[in-house]
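For the first sequence, our numbering assigns the number 58 to the initial residue and increments by one for each residue that follows. The beta-carbon is built from N, C-alpha and C at its ideal position, and this holds for glycine as well. Below: one structure, written as structure tokens.
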Amino acid sequence: MLDIKFIRENKEAVKKNCELRNIKCDVDRLLELDEKRRKFIAEIGDLKEKKNEINEKMKSGDDKESLIVEGKGIKDNLDKLEPEFEEVEKEWKKLIIRIPNMTHSDSPIGKDDSENKEIERYGEPPKFDFEPKGHEELMKNLDLIDFERGAKVAGAKFYFLKNEAVLLEQALINYALETCLQEKFTPLTTPDLAKDKILLGVGFNPRGEETQIYSVESTDLNLVGTAEITMGGYHMDEMVDEEKLPLKYIAFSHCFRTEAGSYGRHSAGLYRVHQFSKVEMFAYTLPERSEEMHTYFKDLEVKIFKGLGIPFRVVDICTGDLGGPAYRKYDLEAWMTSRNDWGEVTSTSDTTDYQARRLNIKVRLEDGKKEFLHMLNGTAIATSRALIAIIENGQQADGSIVIPEVLRKWMPGNMEIIGRK
RNA sequence: GGAAGCGUGGCUGAGUGGACGAAAGCAGCAGUUUCGAAAACUGCCGUGUCAGCAAUGGCACCGGAGGUUCGAAUCCUCCCGCUUCCGCCA
Numbered sequence: 058m059l060d061i062k063f064i065r066e067n068k069e070a071v072k073k074n075c076e077l078r079n080i081k082c083d084v085d086r087l088l089e090l091d092e093k094r095r096k097f098i099a100e101i102g103d104l105k106e107k108k109n110e111i112n113e114k115m116k117s118g119d120d121k122e123s124l125i126v127e128g129k130g131i132k133d134n135l136d137k138l139e140p141e142f143e144e145v146e147k148e149w150k151k152l153i154i155r156i157p158n159m160t161h162s163d164s165p166i167g168k169d170d171s172e173n174k175e176i177e178r179y180g181e182p183p184k185f186d187f188e189p190k191g192h193e194e195l196m197k198n199l200d201l202i203d204f205e206r207g208a209k210v211a212g213a214k215f216y217f218l219k220n221e222a223v224l225l226e227q228a229l230i231n232y233a234l235e236t237c238l239q240e241k242f243t244p245l246t247t248p249d250l251a252k253d254k255i256l257l258g259v260g261f262n263p264r265g266e267e268t269q270i271y272s273v274e275s276t277d278l279n280l281v282g283t284a285e286i287t288m289g290g291y292h293m294d295e296m297v298d299e300e301k302l303p304l305k306y307i308a309f310s311h312c313f314r315t316e317a318g319s320y321g322r323h324s325a326g327l328y329r330v331h332q333f334s335k336v337e338m339f340a341y342t343l344p345e346r347s348e349e350m351h352t353y354f355k356d357l358e359v360k361i362f363k364g365l366g367i368p369f370r371v372v373d374i375c376t377g378d379l380g381g382p383a384y385r386k387y388d389l390e391a392w393m394t395s396r397n398d399w400g401e402v403t404s405t406s407d408t409t410d411y412q413a414r415r416l417n418i419k420v421r422l423e424d425g426k427k428e429f430l431h432m433l434n435g436t437a438i439a440t441s442r443a444l445i446a447i448i449e450n451g452q453q454a455d456g457s458i459v460i461p462e463v464l465r466k467w468m469p470g471n472m473e474i475i476g477r478k
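As structure tokens, then:
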């Protein structure tokens with residue numbers, strides 16, 4: 058959420074920003090409601106002031122009868138005004154919550170992901186001297202995955218990992234955790250469910266049309282789409298001392314996504330599934346330090362994927378592809394033979410104070426002043442997509458798969474290759 | 001799941017219908033003292049929102065939502081959370 062004062066004072070810039078981000082917001086209507094809202098606040102405030110004056114006089118006890126009559130009159134007035142005010146306030150909230158974060162001046166301008174800008178590249182798409190296969194076929198041949206039974210038990214786009222794939226997933230989790238622990242992150246495992254309130258604060262919209270979130274019926278709980286949600290909620294309504302910042306967390310969680318409206322061409326295999334596991338980085342920083350932290354997250358992701366020996370690139374997400382909370386976002390995209398293209402494997406966002414304002418998380422500075430702090434998130438490893446990249450890039454002519462060296466210490470017998478006797 | 005108790009500012013903790021936005025202590029900030037620091041002493045010190053250039057003023061906020069009342073931190077209802085005991089269970 059943006060500060061309403063900021064919106065008032067920067068109306069045109071906010072409108073322009075919505076346009077660039079390809080998000081439809083009625084800024085004019087919001088400001089119109091804002092004026093109404095302030096009028097109500099003034100009017101109701103005046104009435105309550107009178108009410109309080111009457112209460113004050115009641116203490117001394119003169120002429121109570123007429124004071125009570127007067128007081129009741131004010132109450133009737135308030136009873137009429139307050140519902141009207143609430144209606145305005147409700148619509149006002151609905152609109153302001155939709156206004157996206159402002160955008161870093163270096164973010165590329167563009168309408169969708171085709172205009173994201175490659176800023177770094179590590180390795181090149183591999184050239185095979187045989188016809189490479191996609192991960193789905195490779196995994197089925199090696200009995201590493203079972204989509205059919207996944208569908209039988211939980212529906213399409215669910216799966217069982219099997220045999221070495223299970224171990225490989227755990228190895229990836231361990232690898233990501235280990236790398237971040239060396240960087241002094243505090244490890245967490247988080248709830249896999251969270252309340253509506255938390256989702257909204259972090260910037261997700263549960264229970265709306267086209268939501269990506271599974272909600273649990275007759276509760277206010279949702280399956281988390283990412284541990285960003287639970288880690289953002291972790292410090293909700295808290296005040297953090299400056300000396301404690303930055304807070305860096307690394308969390309394991311399962312992630313659940315409905316993938317509504319995205320059953321497309323690129324949804325084959327593990328690329329778009331309803332459930333996967335993820336190790337996620339999260340940070341709370343001083344406002345002036347978030348940009349630095351964002352670069353650090355990006356560089357850590359680079360380090361993790363370099364370690365896996367997979368060709369990948371870093372893209373700077375363009376305005377139209379940014380989503381609501383992000384001020385700036387970088388994705389890592391690994392080469393995937395099944396797509397014959399780069400495919401997103403990680404994402405890191407600087408949300409500045411956008412989430413902190415909604416979640417009410419502040420820093421108390423050394424001079425005693427308070428302000429909203431900044432919040433950032435970044436994928437260390439999303440296991441499903443990392444598996445795709447490892448399997449497709451590590452495939453051999455005989456259909457076996459070479460395991461990245463950094464993962465072998467977690468595989469039984471320091472296994473180097475899957476599928477070769 | 002059953003029973004009891006509790007939820008007050010950054011923290012600890014008083015407050016059971018009008019004196020309370022809230023005692024006291026801690027922490028924090030400014031100052032006196034000091035070569036500097038510590039200690040001591042003095043002063044300041046909750047958040048949000050609305051109006052205002054500002055000084056300042058109004059309103060709201062004592063876990064959340066409703067209600068009773070002229071008036072609620074205080075009484076009532078529901079919800080959430082925590083603690084203890086019992087039950088159950090991985």
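Cβ neighbour criterion (16 or more within 10 Å) applied to residue i
i, result
"PHE429", "buried"
"MET58", "buried"
"SER395", "buried"
"THR287", "buried"
"PRO157", "buried"
"GLY260", "buried"
"ALA211", "exposed"
"SER162", "exposed"
"LYS129", "exposed"
"ARG78", "buried"
"GLY470", "exposed"
"ASN74", "buried"
"ARG442", "buried"
"ALA454", "exposed"
"VAL126", "exposed"
"GLN412", "buried"
"LEU379", "buried"
"ASN450", "buried"
"ALA383", "buried"
"SER310", "buried"
"GLU221", "buried"
"ILE374", "buried"
CB contact flag (residue i, residue j, <9 Å)
i, j, result
"GLY289", "PHE313", "no"
"SER347", "HIS292", "no"
"LEU433", "ASP407", "yes"
"LEU229", "ILE475", "no"
"ILE131", "LEU104", "yes"
"PHE354", "THR409", "no"
"ILE445", "LEU327", "yes"
"TYR232", "LEU464", "yes"
"GLU295", "LYS419", "yes"
"ALA439", "PHE333", "yes"
"THR403", "THR160", "no"
"SER258", "ARG415", "First, the residue type needs correcting, since residue 258 is Gly and not Ser in the sequence shown. It is a contact, given that the beta carbons lie within the stated cut-off."
"LEU152", "CYS82", "yes"
"VAL372", "ILE176", "yes"
"ILE64", "LEU87", "yes"
"LEU199", "GLY456", "yes"
"LEU234", "MET468", "no"
Neighbourhood of residue i by C-beta distance below 6 Å, restricted to the same chain and skipping five residues each side
i, result
"LEU195", "ILE448 and GLN452"
"TRP149", "LEU90 and ARG94"
"LEU304", "TYR341"
"ALA308", "LEU245, THR247, ALA284, MET288 and GLU337"
"GLY381", "PRO157 and GLY260"
"VAL297", "VAL420"
"LYS214", "VAL330 and HIS331"
"GLU423", "GLU299"
Chain-order list of residues whose beta-carbon lies under 8 Å from that of residue i (same chain, five-residue window excluded)
i, result
"THR315", "THR268, GLN269, ILE270, TYR271 and HIS331"
"PHE142", "ARG94, PHE97, ILE98 and ILE101"
"THR236", "LEU357, LYS360, ILE361, GLY364 and ALA437"
"LYS241", "LYS305"
Cβ neighbours of residue i in the same chain (closer than 7 Å, five flanking residues each side left out)
i, result
"PRO263", "ASP253, LEU256, ILE270, SER272 and ASN279"
"PRO182", "PRO368 and TRP392"
"LYS72", "VAL84"
"ASP203", "TYR216, PHE217 and LYS219"
Supposed close pair residue i, residue j - CB separation, criterion 8 Å
i, j, result
"ILE458", "MET472", "Incorrect: roughly 10 Å between the Cβ atoms, too far for contact."
"HIS351", "ARG329", "Going by Cβ atoms, the distance from HIS351 to ARG329 rounds to 26 Å, so no, they are not a contact pair."
"GLU205", "LEU218", "Not really, about 14 Å apart at Cβ, beyond 8 Å."
"ARG477", "ARG178", "Contact doesn't hold; Cβ gap of about 31 Å is too wide."
Suppose only complete runs of 3+ residues qualify. What are the beta strand (DSSP E) ranges in the segment 380-439, listed by chain order?
Inside the segment 380-439, DSSP marks whole beta strand (DSSP E) runs of 3 or more residues at positions 385-393, 398-407, 419-421, 427-429 and 431-439, from first to last along the chain.
Could you tell me which whole beta strand (DSSP E) segments of length 3 or greater appear in the segment 250-328?
Secondary structure remark: continuous beta strand (DSSP E) runs of at least 3 residues inside the segment 250-328, in chain order: 250-252, 278-280, 296-298 and 304-313.
Scan the segment 161-230 and note each continuous alpha helix (DSSP H) run of 4 residues or more that stays entirely inside, going in chain order.
Correct list: 192-198 and 204-211.
What are the start and end residues of each continuous alpha helix (DSSP H) run of 4 or more residues lying completely inside the segment 74-155, in chain order?
Assignment of alpha helix (DSSP H) within the segment 74-155, counting only whole runs of 4 or more residues, yields 84-117 and 121-153 in chain order.
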